[in-house]
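**Q** Mind looking over this structure? Questions follow.
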Amino acid sequence: MSVSDPGRGRSLLWTALLLIVVFAVVPALLASAGRSYLYQVANLIMIFSLLSVSMHLVTGVAGLLQLGHAAFYGVGAYCAALLATHFKLSIGITLPAAGLAAGLVAFLVALPTMRLVSIYFAVATLGIGQMLYVVMLNWVPVTKGPNGILLFGGLQFLGFDLSKPAPAYFFVATVVSVSIYVLHRLSHSYYGNALRALREDDQCADAMGIDTARLKLESFTVSGFFAGVAGALWAHTAGYISPADFNFNVSILILSMVVLGGLGSLPGAIVGAVLLIGLPELLREFKAGDYRNIIIGLVLFGAILFLPKGLIGETSALDLVRRQFGRGRSIPGHEGGVGWK
Amino acid sequence: MSEPFLSIRDLGRAFGGLKAVDGVSADIARGELVGLIGPNGAGKTTLFNLISGFTPPSSGEVHFKGRRIDGLKPDEIARAGIGRTFQNLRIFPNMSVFDNVSVGAIGAERIGMLSAFTGRRGVSERISQRGLAALQAVKLIDDAEELAANISYGKRKYLEIARALAMQPDLLILDEPAAGLNETETKALADFIASLHADGMTIILVEHDMKLVMSICRRIIVLASGRKIADGTPAEVKADPAVLEAYLGGDDA
Ligand SMILES: Nc1ncnc2c1ncn2[C@@H]1O[C@H](COP(=O)(O)OP(=O)(O)O)[C@@H](O)[C@H]1O
Ligand SMILES: [Mg+2]
Numbered sequence: 256m257s258v259s260d261p262g263r264g265r266s267l268l269w270t271a272l273l274l275i276v277v278f279a280v281v282p283a284l285l286a287s288a289g290r291s292y293l294y295q296v297a298n299l300i301m302i303f304s305l306l307s308v309s310m311h312l313v314t315g316v317a318g319l320l321q322l323g324h325a326a327f328y329g330v331g332a333y334c335a336a337l338l339a340t341h342f343k344l345s346i347g348i349t350l351p352a353a354g355l356a357a358g359l360v361a362f363l364v365a366l367p368t369m370r371l372v373s374i375y376f377a378v379a380t381l382g383i384g385q386m387l388y389v390v391m392l393n394w395v396p397v398t399k400g401p402n403g404i405l406l407f408g409g410l411q412f413l414g415f416d417l418s419k420p421a422p423a424y425f426f427v428a429t430v431v432s433v434s435i436y437v438l439h440r441l442s443h444s445y446y447g448n449a450l451r452a453l454r455e456d457d458q459c460a461d462a463m464g465i466d467t468a469r470l471k472l473e474s475f476t477v478s479g480f481f482a483g484v485a486g487a488l489w490a491h492t493a494g495y496i497s498p499a500d501f502n503f504n505v506s507i508l509i510l511s512m513v514v515l516g517g518l519g520s521l522p523g524a525i526v527g528a529v530l531l532i533g534l535p536e537l538l539r540e541f542k543a544g545d546y547r548n549i550i551i552g553l554v555l556f557g558a559i560l561f562l563p564k565g566l567i568g569e570t571s572a573l574d575l576v577r578r579q580f581g582r583g584r585s586i587p588g589h590e591g592g593v594g595w596k
Numbered sequence: 008m009s010e011p012f013l014s015i016r017d018l019g020r021a022f023g024g025l026k027a028v029d030g031v032s033a034d035i036a037r038g039e040l041v042g043l044i045g046p047n048g049a050g051k052t053t054l055f056n057l058i059s060g061f062t063p064p065s066s067g068e069v070h071f072k073g074r075r076i077d078g079l080k081p082d083e084i085a086r087a088g089i090g091r092t093f094q095n096l097r098i099f100p101n102m103s104v105f106d107n108v109s110v111g112a113i114g115a116e117r118i119g120m121l122s123a124f125t126g127r128r129g130v131s132e133r134i135s136q137r138g139l140a141a142l143q144a145v146k147l148i149d150d151a152e153e154l155a156a157n158i159s160y161g162k163r164k165y166l167e168i169a170r171a172l173a174m175q176p177d178l179l180i181l182d183e184p185a186a187g188l189n190e191t192e193t194k195a196l197a198d199f200i201a202s203l204h205a206d207g208m209t210i211i212l213v214e215h216d217m218k219l220v221m222s223i224c225r226r227i228i229v230l231a232s233g234r235k236i237a238d239g240t241p242a243e244v245k246a247d248p249a250v251l252e253a254y255l256g257g258d259d260a
């Protein structure tokens, strides 16, 4: 947040434009194309936008390398799917429940790990992500293992049937927009500045009286909550989920979106999601789908090489990685580094 | 005056076998500007880290405003009213100058997540004002929207002090603020620190530059090999044989 906020008018303009595109232009195009498959792609782009913006908060803004985001997405998806299939609950209930479940898991993960030096924290998120994935895969009585879960009953909300492609699109668009707005307020406020201080130099933030442990815990939990919300959207709109939707590759895909867009930039995270979901789908149209992962890899490689700060980022990905290995008071006997070289 | 403002009692810290700070005691009154000098490796930075909670003491106590603060976490000590800068300049490079100082005010105000939704009223308003006042004090207001990484080294030094000032601390501890500055810049910095002191700020100043310390501090504490070897006026300290020996015997004069 700057002093006089000269960017405020511009950012309002961008917001208005974005809303027009999401709620008018894209639906009109989708309706004229008339293929339900394209609606699926559009939903997927929005769901991944929410995933990447939620990771943006914790990785781009707070600087905590999150390598297991897909697992929280999965916790939300499974929570929603199980509530929907076993208790016939509609998304009005499963969606907040999925967010809370994923947020709770994130909270429990962060509680013992937040005092770790960054790199160990990153490794912990990787481990937890894999662990949750293994649970989804092997807890067959509940998750049906690799077979996944089918959701019948479509998308019901407050008694309305939103199962048709267009209403489903508008529902996803609304939930994602509101969620991203909340994440936007968190990252573009003094609270967001406190998180940035954490990313830049957490000991220094300590010296300013910032309760860094609490901030890490909060941002990680909120980020997990919105990943869970994205999971519920995915479960209800796709109608079928399986563990493969939430494995390590997906975590890396989301991380790639944040890095490609630029660490610390919320619009960047959205652009990253649109590109990394949209481009491969476009290629599929041209029967080049097999090269999907290669293309994603090349885009990412090029981005780190030629755009150190991503498309519009605040800090470079290499810096972030370097900082993960930086000073840490949590290794016993290594309290040094405060002014002493 | 029963309870001193800052009271360091028999404070010690060893790293392995090395006693970096060895039984240092000192009382500092509100409103004092105290210089802390000593040869390289004397333990000045370590003493600052002990006071600000970055390094836990091996022995001794620190009391601040009548409250025992050793053992508290660095952020708790900061909120108790101690602001500090670092010897090797530590600012937030990828944030604007204003956002840098805002962090000092944010820490002091202890904001929570909900403040992100209350707009510019209340606590956010107070943070803006504190931040702007701190920038005004160091004359960096024109650079407010500049990225901190892009301003000159000299300005970054002031930025770091402004960030601590935005906390509105009761005690400010500065670790070699003049390091890397040329003579004119050092002179200007000395005037600035003196003016902060004149406005009532309590300051402990670690400095290598003897001239700077002698010119603005009325009380000087000398450390050598972790021990306090002198504590008095510049004239007293300069005449102290122990000080002369420490400086002549050390690797730098
Ligand atoms: N974290 C640490 N680990 C080991 N030794 C340290 C550490 N911090 C300081 N020291 C040692 O303690 C002594 C005092 O250092 P320091 O406080 O930085 O001195 P000064 O700031 O007066 O130059 C030095 O000999 C230094 O090598
Ligand atoms: Mg030092």
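Protein chains in written order, with my numbering: chain A, 256 to 596; chain B, 8 to 260. C-beta atoms are modelled at their ideal positions from N, C-alpha and C, and glycine is treated no differently.
1) List the whole-angstrom C-beta distance separating L309/B from L13/B, where the pair is believed to meet the contact cut-off of C-beta under 8 Å.
2) Excluding sequence positions up to five away, which residues of its chain have a Cβ less than 8 Å from the Cβ of C334/A?
3) Taking the continuous beta strand (DSSP E) assigned at I210/B, which residues delimit it?
4) When DSSP labels each residue in this structure, what does I586/A get in the three-state scheme?
5) Between V110/B and chain A, is any beta-carbon pair separated by less than 9 Å?
6) Straight-line CA distance for D150/B to A499/A?
7) With a threshold of 9 Å between beta-carbons, can I247/A be considered close to chain B, or not?
8) Quick one: is G90/B near chain A, going by C-beta distance under 9 Å?
9) Less than 8 Å separating the Cβ of T3/B from some heavy atom of ligand 2?
10) Reducing DSSP to helix, strand and coil, say where S506/A ends up.
11) Please confirm whether any heavy atom of ligand 2 lies closer than 8 Å to the CB of E183/B.
12) F415/A bridges to which residues according to DSSP?
13) At the level of alpha carbons, what is the spacing between N298/A and H439/A?
14) Please confirm whether any heavy atom of ligand 2 lies closer than 8 Å to the CB of V220/B.
15) For I113/B, would you say it is in contact with chain A, using Cβ-to-Cβ distances shorter than 9 Å as the test?
16) How about G90/B and A171/B: do their beta carbons lie closer than 9 Å?
17) For I549/A, count neighbouring Cβ atoms within 10 angstroms of its own Cβ and tell me buried if that reaches 16, exposed if not.
18) Please state the DSSP three-state secondary structure of T193/B.
19) What does A231/B touch in chain A if you count any residue whose Cβ is under 7 Å from its own?
20) Tell me whether V431/A counts as near ligand 3, meaning its Cβ is closer than 8 Å to at least one heavy atom of that ligand.
21) Are the C-beta of G583/A and some C-beta of chain B separated by less than 9 Å?
22) Taking 9 Å as the CB-CB cut-off, is E590/A touching chain B?
23) What residues in its chain sit with their C-beta under 6 Å from that of V364/A, if we drop five residues either side in the sequence?
24) Distance check for M301/A and V477/A, CA to CA, integer angstroms please.
25) Report the neighbours of R440/A on chain B: residues whose CB is nearer than 8 Å to its CB, in chain order.
26) Quick check: is the beta carbon of N101/B nearer than 9 Å to any beta carbon in chain A?
27) In this structure, does DSSP put I98/B in helix, strand or coil?
28) Hey, out of S307/A, G527/A, F501/A, whose CA is closest to A325/A's CA?
29) Would you identify the three-state DSSP class for G565/A, choosing helix, strand or coil?
30) Unbroken alpha helix (DSSP H) runs of length 4 or more, entirely within the region 62–123 of chain B: which are they?
31) Given a limit of 7 Å on CB to CB distance, which residues of the region 145–164 of chain B reach chain A?
32) Determine the direct distance from the alpha carbon of T368/A to that of F376/A, and round the result to whole angstroms.
33) Within the region 115–182 of chain B, note down every full alpha helix (DSSP H) run reaching 4 residues or more, in order along the chain.
34) In angstroms with no decimal places, state the Cα-to-Cα distance between I76/B and P64/B.
35) Can you grab the Cα-Cα spacing for the pair V244/B / M310/A, in whole Å?
36) Which residues in chain A have a C-beta closer than 8 Å to the C-beta of S131/B? List them in chain order.
**A** Taking the definition as stated:
1) Because chain B in this structure spans residues 8 to 260, residue 309/B falls outside the shown range and cannot be described.
2) Locating residue 334/A in the first sequence gives position 79, counting from the first residue. Closer than 8 Å at the Cβ level, and outside the excluded window around C334/A, lie T349, A352, A353, A356, A357, G483, G486, A487.
3) By 1-based counting over the second sequence, the position of residue 210/B is 203. Note, I210/B: beta strand (DSSP E), 209–213.
4) Mapped onto the first sequence, residue 586/A falls at position 331. Low confidence applies here, because I586/A scores a pLDDT of 32, under 50, leaving its location unreliable; read the following figure in that light. Coil at I586/A, not helix or strand.
5) Taking the second sequence and counting its residues from 1, the one referred to as residue 110/B is at position 103. Yes, its Cβ sits closer than 9 Å to a Cβ of chain A.
6) Sequence index remark: in the second sequence, residue 150/B carries index 143 (1-based). Sequence index remark: in the first sequence, residue 499/A carries index 244 (1-based). Rounded to the nearest angstrom, the two C-alpha atoms are 50 Å apart.
7) With chain A covering only 256 through 596, there is no way to say anything about residue 247/A.
8) Start at 1 with the first residue of the second sequence, and residue 90/B comes out as number 83. Yes, its Cβ sits closer than 9 Å to a Cβ of chain A.
9) For chain B, the structure presents residues 8 to 260; residue 3/B sits outside this window and is missing.
10) Here the question's residue 506/A lines up with position 251 in the first sequence. In the structure shown, S506/A sits in a helix (DSSP, three-state: H, G or I).
11) Sequence index remark: in the second sequence, residue 183/B carries index 176 (1-based). E183/B Cβ: within cutoff of ligand 2.
12) To locate residue 415/A, count along the first sequence from 1; it is residue 160. Partner(s): F412/A.
13) Residue mapping note: residue 298/A aligns to position 43 of the first sequence, counting from 1. Residue mapping note: residue 439/A aligns to position 184 of the first sequence, counting from 1. Distance between the alpha carbons of N298/A and H439/A is about 20 Å.
14) By 1-based counting over the second sequence, the position of residue 220/B is 213. Outside the cutoff, so no.
15) In the second sequence, the residue the question calls residue 113/B occupies position 106. With 9 Å as the cut-off, I113/B counts as an interface residue toward chain A.
16) Here residue 90/B is taken as the residue at index 83 of the second sequence, counted from 1. Here residue 171/B is taken as the residue at index 164 of the second sequence, counted from 1. In contact: G90/B and A171/B (Cβ atoms closer than 9 Å).
17) In the first sequence, residue 549/A corresponds to position 294, counting from 1. With fewer than 16 other Cβ atoms within 10 Å, it is exposed.
18) In the second sequence, residue 193/B corresponds to position 186, counting from 1. Reduced to three states, the DSSP call for T193/B is helix.
19) For the purposes of this step, residue 231/B is taken as the residue at position 224 of the second sequence. Within chain A, no residue comes near A231/B; the closest Cβ sits about 17 Å away, beyond 7 Å.
20) The ligand content of the structure shown is limited to ligand 1 and ligand 2, which means ligand 3 is not among them.
21) Indexing the first sequence from 1 puts residue 583/A at position 328. Note that G583/A scores 37 on pLDDT, short of 50, meaning its location in the model is unreliable and no value can be drawn from it.
22) Mapped onto the first sequence, residue 590/A falls at position 335. Any answer about E590/A is weak, because its pLDDT of 35 lies below 50 and its placement is not dependable; what the coordinates show is given next. Chain B, which has a Cβ nearer than 9 Å to the Cβ of E590/A, makes this yes.
23) Here residue 364/A refers to the residue found at position 109 of the first sequence. Within the same chain, V364/A has close Cβ partners I383.
24) Here residue 477/A is taken as the residue at index 222 of the first sequence, counted from 1. Here residue 301/A is taken as the residue at index 46 of the first sequence, counted from 1. V477/A and M301/A: Cα-Cα distance of roughly 18 Å.
25) As a first step, residue 440/A must be located in the first sequence, where it is residue number 185. Correct list: A123, F124.
26) Position 94 of the second sequence, counting from 1, holds the residue named residue 101/B. So yes, N101/B belongs to the interface.
27) As a first step, residue 98/B is located in the second sequence; it is residue number 91 there, counting from the start. Note: I98/B maps to coil in three-state DSSP.
28) Translated into positions along the first sequence, residue 325/A becomes position 70. A325/A has its Cα closest to that of F501/A, out of S307/A, G527/A, F501/A.
29) Here residue 565/A corresponds to residue number 310 of the first sequence, with the count starting at 1. In this structure, G565/A counts as coil in the three-state DSSP scheme.
30) 81–87, 104–116
31) A151, E152
32) To locate residue 376/A, count along the first sequence from 1; it is residue 121. To locate residue 368/A, count along the first sequence from 1; it is residue 113. Straight-line Cα distance between these residues: approximately 6 Å.
33) 129–144, 160–172
34) Taking the second sequence and counting its residues from 1, the one referred to as residue 76/B is at position 69. Taking the second sequence and counting its residues from 1, the one referred to as residue 64/B is at position 57. Whole-angstrom Cα-Cα distance: 11 Å.
35) Against the second sequence, residue 244/B aligns to sequence position 237. Against the first sequence, residue 310/A aligns to sequence position 55. Cα to Cα, the separation comes out at about 57 Å.
36) Here the question's residue 131/B lines up with position 124 in the second sequence. Within 8 Å Cβ-Cβ: S444, Y445.
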